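Just so we're aligned: the sequence shown equals residues -26 to -1, 1 to 659 in mature numbering (1 follows the signal peptide of the UniProt record, and there is no 0). No residue lacks a Cβ here, since even glycine has one placed at the ideal position from N, Cα and C. Model, not experiment: these values are computed from the prediction. A short worksheet on the structure shown next.
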Amino acid sequence: AVTRAGFVLAALQLAGAALLSPGSCAFEDSACGYEWDYAHLPWALHGEGHYISVDTSYEGEKAVLSSPELYSEEWSCVRLIYQIATTSEASPNPTRLNLYLRQEGQSFDRLLWSAKEPSDSWLIASLDLINSTKKYKIVLEGEMGQDKSASIAVFEIKITPGYCIECDFEENHLCGFVNRWNPNVNWFVGGGNIRNSQSILPKDHTLNSELGHYMYVDSVYVKHFQEVAQLISPKTTAPMSGCLSFYYQLKQESSIVFTVYLRDTSGFYEEIWKTDSALSADWALAEVDFNAPYSMEVIFEVAFNSAKGGYVALDDISFSPVYCSNQTGMRTPFNPAQAGCNFEEDLCNFYQDHKDGPGWSRVKVKRNVYRAGDHTTGFGYYLLANTKFTSQPGYIGRLYGPTLPGNLQFCLRFYYALYGFFKMSGTLAVYIFEENHVVQEKIWSVLDSPKGVWTQAEISFKKPMPCKVVFVSWCKSFWDCGLVALDDISLSLGSCQAADLLLPNPGECTFEKDECVFTQKKRGRGSWHRRRGPTPTSYTGPKGDHTTGVGYYMYIEASDMVYGQRAYLVSRSLRGTSGKQCLTFFYHMYGAGTGLLSVYLKKEGDDEEIPLWRRTGEQSISWLRGLIEYESDRSYQIIFEVIRGVSIRSDTAIDDVLFQAGPCLEVEEIQFSSGYPDSLNEIEY
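Dropping the structure here:
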């Protein structure tokens, strides 16, 4: 009987191998069309052990493995079974495994997932791939880090149609679901045994046979009152909402509580379903509306009160992107973009109460060398609170945001700048108001910040009831009353910490960590430097960066260079694509001796560099936005070139470089221009 069982198992495995979907691979006798990049470390295929690996026995930084070209119009799930083994505990530059999505028509790969935790056995990662009409490749990158002996093994890659939170429990890795270990009660796999079955149920739900599998939890081992077993789904990695359904059986002698929760990354539980019926001798279907706008886990929890409690079994968890019921209440998911504004056109959905008087005005500063412009482009609109001359007592200006739904985690980000206050603390604060304008709480207020620099603030909050965000500017007295500027308010779902953990935007470089895709053509005197805060020379260079006001930017230090000397910042080779590309960046050219900033496109195989954009001479005291539309069907490089001007007052800087596929949504009037306009220092109200 044992041998027969062995044969059946082998037959099942072979059948499974034959049905592998495109892009899936168990690395048994081939790499299934996966190819490695010969410019980097080699991967070794271990057919007998069913895995592919890379280790530090060769000198090199990384190994790259890319899938054949894939195409899927349906939502699909990528499961990766892998292991990282290292000797040292913690290293500043650890061994990592990264998974990228390489989409047709994109110059940059998008990082979907990254792991660096070493383990003594295999781990599983589950990643949702949103349906798309573009062809794509999955790219795995093993970074070897600084560990002397490290290895990365990949046992299986499986791409299946459907969602990662779905599972029929027929596979040994259980779709990445895990039992939270408890000394007494745990979820176990049931079924699948041909003889002397341990299972308490005759048949599973998927195959309706003794061979099928399901999950179950039994009260036999309960030692204490209120024992809890939890089965935890993989985390969702893409926003999804719809109907979650599953089949369950519940047999009880005393009370069992079977509950389904959602848990977000900050550990907050929300109950979405609970058993209402006492008994279900057969498989019963449960359906529940499910909304995961940011990363969540689904937790199936069973609580027992005694060892005679009975059992709960679970099978066939599935998801549909349409809500279960026809309730219209959940139809339209909240769009956080409605709660943001860059004030270029109007106040968007923000407003002031006419009883308060006009504390905030929308203003625009033309490019000039005395007074900073807005944060969005450097020459657009922003809000300015000048409460010194408002009709209202207390020198207060309130700006109300739109109503936000309750019970969602939000991250609010905005930029502010303060001018002319002696004491800054408390001059700008953010409150949460209930819908009827009753104050709930103050969630942020300014402490201290560099004068006149656009500084980013970010605040996470979650409220049970619908609420509004209210910006309040306040002067303590007529004599200490300056100006408060506000711009680029944005709201996103999920906490700011979770958003910071999110993977970087492909093709975006803020210079916060490093120089990203850029390198110097030559180091030495004529070189670009990464810096934060003001530059050493007065009356030139930025006071802070564009990203947060307190972060890093790239600049040339004119004091170290001579007139006419050049410095180059060159991107690595970028993939050519058909169609237009858009490059956005911010540049800072302030200082009476400012020279030239140019951007060039260099195509592979060409000697000449094509000039795309140029500015000469002093432009503004603000960070200004540059936009360039270009195309290249071959691999290419983008080059930023600065030529130092006539005096040391020519520190030139760039920040927040962003490459995007497709044409630019706005057009910059002048690609090549010289010094600033004559109409300096006008403020338009």
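Item	Value
C-alpha gap between V28 and S125, whole angstroms	6 Å
contact_flag[the segment 150 to 157, the segment 251 to 271] where n(CB pairs < 8 Å) is 3 or more	no
8 Å contact criterion, which E35 and E117 should meet: CB distance rounded	7 Å
Exposure label - F452; buried when at least 16 CB within 10 Å	exposed
Cα-Cα separation between L421 and Y369, rounded to whole angstroms	19 Å
Under 8 Å between C-beta atoms of I26 and L75	no
Length-filtered (4 minimum) alpha helix (DSSP H) runs lying within the segment 458 to 546	470 to 475
P267 versus S624: straight-line alpha-carbon distance, rounded	47 Å
Range of the contiguous beta strand (DSSP E) that encloses H20	A18 to H20
G371: first and last residue of the uninterrupted beta strand (DSSP E) it sits in	I370 to L378
Contact under 8 Å by Cβ, N122 with T30	Rather than Asn, the amino acid found at residue 122 in this sequence is Lys. In this structure, T30 lies closer than 8 Å to K122 by Cβ.
Whether G567 touches I628 by CB criterion (8 Å)	no
Beta strand (DSSP E) segments (min. 3 residues) lying fully within the segment 35 to 61	36 to 40 and 50 to 60
Spatial neighbours of Q120 in its chain, beta-carbon cut-off 6 Å, leaving aside the 5 residues before and after	S65 and N67
Environment of D580 [buried if 16+ CB atoms lie within 10 Å]	exposed
For L148, three-class secondary structure by DSSP	helix
Secondary structure, alpha helix (DSSP H): runs of 4+ residues fully inside the segment 417 to 464	none
Where the beta strand (DSSP E) containing N105 begins and where it ends	Run containing N105: none; DSSP gives neither H nor E here.
Beta-ladder partner(s) of S320, from DSSP	Note that residue 320 is Asp in the sequence shown, not Ser. Paired residues: none, contrary to the question.
Residue environment, T107, which counts as buried when at least 16 other CB atoms sit within 10 Å	exposed
Nearest neighbour of D263, chosen from S280, E48 and F293 [CA to CA]	F293
Close beta carbons around I433, own chain, < 6 Å, minus the five adjacent residues each side	L386, I417 and W418
With 16 other Cβ atoms within 10 Å as the buried cut-off, status of G7	exposed
Other residues of its chain near T61: CB distance less than 6 Å, five sequence neighbours each side excluded	S123
Cβ-Cβ distance between I133 and S(-3) below 8 Å	yes
Cβ neighbour criterion (16 or more within 10 Å) applied to D320	exposed
Assigned secondary structure, Q326 (DSSP; H/G/I helix, E/B strand, else coil)	coil
8 Å contact criterion, which D3 and V38 should meet: CB distance rounded	Going by Cβ atoms, the distance from D3 to V38 rounds to 22 Å, so no, they are not a contact pair.
C-alpha gap between K177 and V163, whole angstroms	13 Å
CB of S207 within 8 Å of CB of F278, strictly	no
C-beta contact flag for C298 and C217 at 8 Å	yes
Closest by C-alpha distance to F82, when choosing among Y110, I98, A89 and R504	Y110
Outcome for Q223 when other beta-carbon atoms lying within 10 angstroms are tallied against a minimum of 16	buried
K442 classed as buried or exposed, judged by whether at least 16 other C-beta atoms fall within 10 angstroms	buried
Residue from L639, K209, V631 and A287 with nearest C-alpha to P478	V631
Between the CA atoms of Y389 and G241 - distance to the nearest angstrom	29 Å
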